[in-house]
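**Q** In the numbering used here, the protein residues as written are 182 to 876. All residues carry an ideal CB built from backbone N, CA and C; glycine is no exception. Quick caveat: nothing in here was measured; it's all calculated off a predicted structure.
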Amino acid sequence: MVTAEANENVTVRLEDDTTLTLDFGSTVSDLLGQADKKLIRSVIAAEVNGDEKDLSYVLKNGDKVKLIEAASERGRHILRHSTAHVMAQAVTSLWPGAYFAIGPAIEDGFYYDFSLPDGKHFTEADIEKIEEAMRKIIAEKQPFTREEHEIDAALHLFGAQPFKTEIIENIAVADASKGEFSAEASPESLTVTAYRNSDAFVDLCRGPHVPHTGALGHFKLLKVAGAYWRGDEKRQQLQRIYGTAFESDKMLAEHINRLAEAERRDHRKLGLELDLFSFPDEIGSGLAVFHPKGGLIRKTMEDYSRMRHEEEGYQFVYSPHITKGDLFEISGHLNWFGENIFPPMEIDGETKYYLKPMNCPFHILIFRSKQRSYRELPLKLFEFGTVYRYEKSGVVHGLTRVRGMTQDDSHIFCTREQMTEELKSILTFVLDLLREFGLSDFYLELSTRPEAKAVGSDLEWEEATKALHDTAEAMDIPLVLDEGGGAFYGPKISVQAKDAIGRTWQMSTVQLDFQLPQRFDLSYVGSDNAKHRPVMIHRALFGTVERFFGVLLEHYAGALPTWLAPVQVKILPIRDTHESYCQRVKQLLAEEGIRVDYVQAKEPLSARIRQAKLEKTPYVLAVGDEDVAGGTVGVNLRGAKDPIRAVPLESFIAKIKEDIRGHWINPTQGFVTEDSVDVQKQGTTPEARDNHSDL
RNA sequence: GCCGGUGUGGCGCAGUUGGUAGCGCAGGCGAUUUGUAAUCGUCAGGUCGUGGGUUCGAGUCCCUCCACCGGCUCCA
């Protein structure tokens, strides 16, 4: 193969540092054939000198080539993006004249935004039709052919596509002014690239793509949704179709399975099934009531939180739910946060009272109620403060996005010198508390000054942001930046926790505030006998009790750790004749503060076992003749396959107390049985579940 | 708020081209006394989200509002 002419060969270097010499004009595909025949099937693109390229890319001498297999994160990304193209092609074939906007790959899938002609809209039912058309395109193995066009030519080519035209025009403008490139622009010159599958379909795109549509096929369209053009709610509303694609049917099936699993652990569903809370229509959207069992869980959470706050030196305060508008005028909330405040009630004709959207002004008034000394600082005021926020109708979502919520809110008044130390201790406190509730997968987010709405000087914002940043960085968990996401009065650190569906929820927030102390003219007397301005730190650890409750439910799939479970033990007699012994067991457990139910033998044992397990009771005790005789109980651990018979009562009590005290994630944790090991491996622990949902 | 979808007894669902509602589970009662994921029988329960319209007649068709679901925008 090697010719005498050196300049007719190209030598490229592969990832493993081996080199390969190929004929001049060879493509990545040719390279595959020479390197390893198996790669022809598995590799769909390549990274050449750091840039992603198609397999049709013509290699140059000295190119460094990294192969991208379909079965990799980057490979799937390309697969999904190519599948999005095919979807757009299918849609334009089914709805001639359809406009297509953008269609990127996203985590776990892809989408494409469309606008159909004549005011038509997609329906869920159209998904199947589109999938069918896509399968036809895939069966035809249409090549993805790369084309380069100068701006004018591209504008002509996409003349019938207003969204594409806008993108191209933006590229031209950006190029002219700054030399910046958008995703579709070629860095070499003022050209754009497009990919053509057939005469009927060409799409503006930077690539790379799979070589032909036949390399696709393991996909599924998931849902139709609305989306604004360029994410701007003032612009045109488009229709978005979401889908996903994988390198194999097996991987696709696993993903679909994960989605179903996520649905099973949806806190709204669990809340109904386990009788924990509801949202009666009569009350209004986003306003929850907690039923006895949910109330018990909530109370346990709150009691624990109170205990921990006491240990941390917080003082408990209470404040009303409504206030005259003046308070929120001074604080600036009416101005900056007004659209989230419920309309006022008018009293005596003119005085306006508002439902409070935040607790801070109330705590400020408590601080200001008397002359404060530096000796009192840091002053840490805590309250489970219920606030009401007007949320747009479309955003309300179970317990995680509500209109009435209770924050585990605290405001810390301290000196500027104490600020850093306080921030550090708060962050440690937050992370400890979250871990005590069994959450472990989180990261920190630093939200900086909002561009449009913020009060205070640049200097103050800078100092506050730096203090938060330095503290966050010292915490040894990932920190990401959220530019412009702060509150109007200060920057914030939030703790983001991942839920079962893989969504991250903003839970705890810590905000540093120089503004409200000024607005309310707060002061303390220092050791120098002069007045000084305190700094305020706003913080909520759960975030809100409601959201935290919902996230915990999903995290545990309803199988709450024993210490949080509304019913911790169910005692089932085999026959009625075992009742008196069972009642004694019940009393002994209750005396230990354990929440225990007795279930009469009105139904077969297996029916009662089933019921108890459906309710996700951590410990189900079956008690029969041998137990009465031996002073034992038969223990069914939640999550274990088989019961443990004849456990001495004292040893059971010791174990469950240990469980509750230790906040075990699962009751099987401390019982050394043959299955308990299996159970942990099977993914009943939150750790295992998280791994499951991360993909 | 916007786009699309949905709304039938506590829950999950059926209800054919418009002819005045069914099933399973749960619940009440009775029987069954059961060693590990559903014992049997029986009874009760719905002005079909709301208000209006079309029609001789509407759960079924049209409109309004409300709520929920999936997203977008926004957020604890």
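Whole alpha helix (DSSP H) runs in the segment 712 to 792 with 4 or more residues, listed along the chain?
**A** As far as the segment 712 to 792 is concerned, its whole alpha helix (DSSP H) runs of at least 4 residues are 726 to 736 and 760 to 772.
**Q** What does a CB cutoff of less than 6 angstroms around P392 pick up in its chain, not counting 5 residues either side in sequence?
**A** To locate residue 392, count along the first sequence from 1; it is residue 211. Once the five neighbours on either side are set aside, the close Cβ partners of P392 are L236.
**Q** Start and end of the beta strand (DSSP E) containing R489?
**A** The count along the first sequence starts at 1 and reaches residue 489 at position 308. R489 -> not in any beta strand (DSSP E); alpha helix (DSSP H) instead, spanning P473 to E492.
**Q** So what does T601 bridge to, in DSSP terms?
**A** Taking the first sequence and counting its residues from 1, the one referred to as residue 601 is at position 420. In DSSP, T601 forms no bridge with anything.
**Q** Considering only the beta carbon of each residue, do E228 and K247 sit closer than 7 angstroms?
**A** To locate residue 228, count along the first sequence from 1; it is residue 47. To locate residue 247, count along the first sequence from 1; it is residue 66. Contact flag set, yes.
**Q** Between G475 and the rest of its own chain, which residues show a CB-CB distance below 6 angstroms, the 5 nearest in sequence each way excluded?
**A** To locate residue 475, count along the first sequence from 1; it is residue 294. Taken in chain order, the residues that qualify are L457 and F458.
**Q** Determine which residues share a DSSP beta bridge with P829 and list them.
**A** Residue mapping note: residue 829 aligns to position 648 of the first sequence, counting from 1. Per DSSP, T813.
**Q** Check the DSSP bridge columns for A426 and list the partner residues they point to.
**A** Taking the first sequence and counting its residues from 1, the one referred to as residue 426 is at position 245. For A426, which the question treats as bridged, DSSP gives the partners F400.
**Q** Report back the beta-carbon spacing between Y535 and G566 to the nearest angstrom; my notes put them in contact at under 8 angstroms.
**A** Numbered from 1 along the first sequence, position 354 holds the residue referred to as residue 535. Numbered from 1 along the first sequence, position 385 holds the residue referred to as residue 566. No, Y535 and G566 are not in contact; Cβ-Cβ is about 15 angstroms, not under 8 angstroms.
**Q** Would a C-beta distance cut-off of 7 angstroms place S841 and W686 closer than the cut-off?
**A** Residue mapping note: residue 841 aligns to position 660 of the first sequence, counting from 1. Residue mapping note: residue 686 aligns to position 505 of the first sequence, counting from 1. Before going further, note that residue 841 is Ile rather than Ser in the sequence given. The answer is no: Cβ separation not under 7 angstroms.
**Q** What number of angstroms, rounded off, separates the C-alpha of Q215 from the C-alpha of L201?
**A** The residue labelled residue 215 in the question sits at position 34 within the first sequence. The residue labelled residue 201 in the question sits at position 20 within the first sequence. Taking the straight line from one Cα to the other gives about 9 angstroms.
**Q** Which first and last residues belong to the beta strand (DSSP E) in which R446 is found?
**A** To locate residue 446, count along the first sequence from 1; it is residue 265. Per DSSP, R446 belongs to no beta strand (DSSP E) and is neither H nor E.
**Q** How is W642 classed by DSSP in three states: helix, strand or coil?
**A** The sequence position of residue 642 within the first sequence is 461, counting from 1. Helix at W642.
**Q** What residue from S429, L649 and L451 has the CA that sits closest to G579's CA?
**A** On the first sequence, residue 579 is found 398 positions in, with the first residue counted as 1. The candidate whose alpha carbon is nearest that of G579 is L451.
**Q** Thinking C-beta only, is G585 closer than 7 angstroms to Y569?
**A** Looking up residue 569 in the first sequence gives position 388. Looking up residue 585 in the first sequence gives position 404. Yes; because the gap between Cβ atoms is below 7 angstroms, this pair is in contact.
**Q** Could you check what DSSP says for Q677 in three-state terms: helix, strand or coil?
**A** In the first sequence, the residue the question calls residue 677 occupies position 496. In this structure, Q677 counts as strand in the three-state DSSP scheme.
**Q** Find out if the Cβ-Cβ distance for the pair H759, V801 is shorter than 7 angstroms.
**A** The residue labelled residue 759 in the question sits at position 578 within the first sequence. The residue labelled residue 801 in the question sits at position 620 within the first sequence. Contact flag unset, no.
**Q** With DSSP as the reference, please indicate the residues paired to L818 in a beta bridge.
**A** Translated into the one-based positions of the first sequence, residue 818 becomes position 637. L818 is bridged to Y800.
**Q** Do P389 and K245 have their CB atoms nearer than 7 angstroms?
**A** Here residue 389 refers to the residue found at position 208 when the first sequence is read from its first residue. Here residue 245 refers to the residue found at position 64 when the first sequence is read from its first residue. Contact: no.
**Q** Helix or strand or just coil, what does DSSP make of S296?
**A** Position 115 of the first sequence, counted from the first residue, corresponds to residue 296. The answer is strand: DSSP assigns S296 an E or B state.
**Q** Taking buried to mean at least 16 other C-beta atoms within 10 Å of its own C-beta, is D384 buried or exposed?
**A** Translated into positions along the first sequence, residue 384 becomes position 203. Buried: at least 16 other Cβ atoms inside 10 Å.
**Q** Quick one: what does DSSP say F344 is sitting in, helix, strand or coil?
**A** Taking the first residue of the first sequence as position 1, residue 344 is located at position 163. F344: helix per DSSP, three-state reduction.
**Q** Take every Cβ of the segment 703 to 712, pair it with every Cβ of the segment 541 to 560, and state whether three or more of those distances are shorter than 8 angstroms.
**A** Yes, they touch.
**Q** Relative to the C-alpha of T504, which candidate in L770, T646, E527 and E598 has its C-alpha closest?
**A** Position 323 of the first sequence, counting from 1, holds the residue named residue 504. T504 has its Cα closest to that of E527, out of L770, T646, E527 and E598.
**Q** Going by the beta-carbon positions, is the gap between F344 and Y280 smaller than 7 angstroms?
**A** Your numbering for residue 344 matches position 163 in the first sequence. Your numbering for residue 280 matches position 99 in the first sequence. Closer than 7 angstroms, so yes.
**Q** In this structure, does DSSP put D245 in helix, strand or coil?
**A** As a first step, residue 245 must be located in the first sequence, where it is residue number 64. First, the residue type needs correcting, since residue 245 is Lys and not Asp in the sequence shown. It is a strand residue.
**Q** Determine, using beta-carbon pairs with one atom in the segment 807 to 815 and one in the segment 828 to 843, whether at least three such pairs fall under 8 angstroms.
**A** The segment 807 to 815 vs the segment 828 to 843: in contact.
**Q** Relative to the ligand MG, is the shortest distance from any of its heavy atoms to the C-beta of D294 smaller than 6 angstroms?
**A** Judged by which ligands are present, the structure shown has none, so any question about the ligand MG falls away.
**Q** Please classify A653 as buried or exposed, where buried requires at least 16 neighbouring CB atoms within 10 angstroms.
**A** Start at 1 with the first residue of the first sequence, and residue 653 comes out as number 472. So A653 counts as buried.
**Q** Quick one: what does DSSP say D197 is sitting in, helix, strand or coil?
**A** Working through the first sequence from its first residue, we reach residue 197 at position 16. Three-state DSSP puts D197 in coil, outside helix and strand.
**Q** What are the residues that DSSP puts in a beta bridge with E654?
**A** Indexing the first sequence from 1 puts residue 654 at position 473. Paired residues: none, contrary to the question.
**Q** For S638, count the other beta carbons within 10 Å of its own beta carbon; 16 or more makes it buried, fewer makes it exposed. Which is it?
**A** The count along the first sequence starts at 1 and reaches residue 638 at position 457. Classification of S638: exposed, given that the 10 Å Cβ count is below 16.
**Q** Is S708 helix, strand or coil when you go by DSSP?
**A** Indexing the first sequence from 1 puts residue 708 at position 527. Correct three-state label for S708: coil.
**Q** Judging by CA-CA distance, which residue of H502, L614 and V636 is the nearest neighbour of M488?
**A** Looking up residue 488 in the first sequence gives position 307. For M488, the nearest C-alpha among the options comes from L614.
**Q** Using the rule of at least 16 other Cβ atoms within 10 Å of the residue's Cβ for burial, across every protein chain shown, is E361 buried or exposed?
**A** The count along the first sequence starts at 1 and reaches residue 361 at position 180. Annotation note: pLDDT 43 at E361 (below 50); position unreliable, no value reported.
**Q** Tell me, please, which residues DSSP counts as bridged to F291.
**A** To locate residue 291, count along the first sequence from 1; it is residue 110. A286 and G424, per the DSSP bridge assignment.
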